[in-house]
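Student: Per my numbering, the very first residue in the sequence shown carries number 1; after that it's consecutive. Even glycine gets a Cβ: it sits at the ideal position worked out from N, Cα and C.
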Amino acid sequence: MQYALFKAFLDAISTLTSHQKNTLNKALSPELKATTHQPNLSTAIEQKFSEQPSCPHCKSDQIKRWGCSDGRQRYRCKSCHKTFNALTGTPIARLRHPEKWQAYLNGMSHSATLRVAARECGVTLHTSFRWRHRFLAVLENDQGNDLGDIVELDETFFA
Ligand SMILES: [Zn+2]
């Protein structure tokens with residue numbers, strides 16, 4: 001939208017009736033949700049995995065979906081019969097508190113120190129230290145650099 005038009009649009013907002021404001025709000029909220037949607041490392045790993053799933057134990061691609069656990073799709077290998085999810089075998093497979101990962105990664109992107117990142121996410125310094133290593137390992141393994149858009153690491157974090 002052209003700036004002048006947008007300005008007129010903004011000015012017009014104050015003249016809306018409350019019913020019109022409601023309607024506008026309804027029209028905007030899905031849009032806003034879409035644009036403010038935070039990319040998420042664990043979702044991205046799952047998505048990447050689901051495009052070409054294979055068993056992390058025996059590398060077979062003969063696998064099938066096997067319910068969900070902790071909000072993650074599980075799979076079962078038809079060859080070795082083991083179950084797994086997209087994170088199995090990755091450095092972050094056993095990390096706890098996945099709901100805090102993204103905030104932590106965002107802290108990493110903004111070169112927060114370990115101490116600050118830990119405090120902001122409510123994890124201990126010890127956890128923060130371990131997480132940093134695991135997440136860096138995941139990113140280093142990410143050869144297609146598919147996760148690069150999600151975590152733009154500050155180089156100081158590699159130091
Ligand atoms: Zn297998």
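For S161, verify whether its CB is less than 6 Å away from any heavy atom of ligand 1.
Tutor: Given a span of 1 to 159 for the chain in the structure shown, any question on residue 161 remains unanswerable.
Student: Along the beta strand (DSSP E) that carries I63, what are the first and last residues, could you check?
Tutor: 63-69
Student: Where does the unbroken beta strand (DSSP E) through C77 begin, and where does it stop?
Tutor: 72-77
Student: Is DSSP giving N85 helix, strand or coil here?
Tutor: strand
Student: So the candidates are C58, T90, E120; which of them puts its Cα closest to the Cα of N141?
Tutor: Of the listed residues, the one whose Cα sits closest to N141 is T90.
Student: Within this structure, are the beta carbons of A103 and C121 separated by less than 7 Å?
Tutor: yes
Student: Between the C-alpha atoms of C68 and A117, what's the straight-line distance to the nearest angstrom?
Tutor: Going by the C-alpha atoms only, they are around 30 Å apart.
Student: Give every residue of the same chain whose Cβ lies closer than 6 Å to the Cβ of D146, excluding the five residues on either side of it in the sequence, and list them in chain order.
Tutor: K48
Student: Once DSSP output is grouped into helix, strand and coil, what is the label at H146?
Tutor: A small correction: the amino acid at residue 146 is Asp; His does not occupy that position in the sequence shown. In the structure shown, D146 sits in coil (DSSP, three-state: anything other than H, G, I, E or B).
Student: Under 7 Å between the Cβ atoms of P53 and I45?
Tutor: In this structure, the beta-carbon distance from P53 to I45 does not fall below 7 Å.
Student: To the nearest angstrom, how far is it from the Cα of R74 to the Cα of L87?
Tutor: 10 Å
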